[in-house]
């Protein structure tokens with residue numbers, strides 16, 4: 001008889017921590033391969049983005065793959081803009097500058113990279129579809145006995 005995967009034996013917190021750390025590492029590696037360097041703020045941003053995508057994908061397993069990719073693109077673009085405004089414009093760290101890109105917004109986001117985030121959301125959506133929604137039920141904070 002096959003033993004269950006250690007991943008499935010992990011607590012929801014352990015899974016979420018693993019997803020967060022994995023997102024930070026993967027996002028950083030993508031940047032290092034593409035640009036030659038990364039910044040710690042991007043590691044945190046990648047972790048947050050992947051965790052949000054993971055929680056959405058496992059709680060809405062019947063969404064189409066296009067919808068999941070669109071959601072992932074929106075999450076990453078939102079956080080890229082928000083973090084960019086803080087670390088680049090407010091703090092002046094100059095982590096990235098898309099001001100030379102077509103249709104950029106304040107040099108922080110642009111359609112070209114949003115398209116890349118759409119495509120990169122595809123493997124994330126596929127990986128999350130391998131996990132049964134019963135493996136982790138998102139905690140809404142409401143008791144099952146709560147009634148209005």
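Numbering (the numbering used here), first residue to last: 1 to 148.
Backbone N, C-alpha and C define an ideal beta-carbon position, used for all residues, glycine too.
query: So what does residue 105 bridge to, in DSSP terms?; result: 109
query: Quick one: does residue 121 have its CB under 8 Å from some CB of chain C?; result: Here there is only one protein chain, and chain C is not present.
query: Between the C-alpha atoms of residue 12 and residue 61, what's the straight-line distance to the nearest angstrom?; result: 17 Å
query: Would DSSP call residue 95 helix, strand or coil?; result: coil
query: Would the beta-carbon of residue 84 fall within 8 Å of that of residue 109?; result: yes
query: Give the range of the alpha helix (DSSP H) segment to which residue 151 is assigned.; result: Residue 151 is absent from the structure shown; the chain starts at 1 and stops at 148.
query: If we ignore side chains and look at the alpha-carbon of each, how far apart do residue 10 and residue 57 end up?; result: 18 Å
query: In angstroms with no decimal places, state the Cα-to-Cα distance between residue 149 and residue 43.; result: One cannot answer for residue 149 here, as it falls past the ends of the chain, which runs 1 to 148.
query: What is the DSSP secondary structure of residue 23, reduced to helix, strand or coil?; result: helix
query: Should residue 124 be labelled buried (16 or more other beta-carbon atoms within 10 Å of its own) or exposed?; result: buried
query: Grab the span of the alpha helix (DSSP H) containing residue 11 for me, first residue to last.; result: It is not in any alpha helix (DSSP H) - residue 11 carries neither H nor E in the DSSP assignment.
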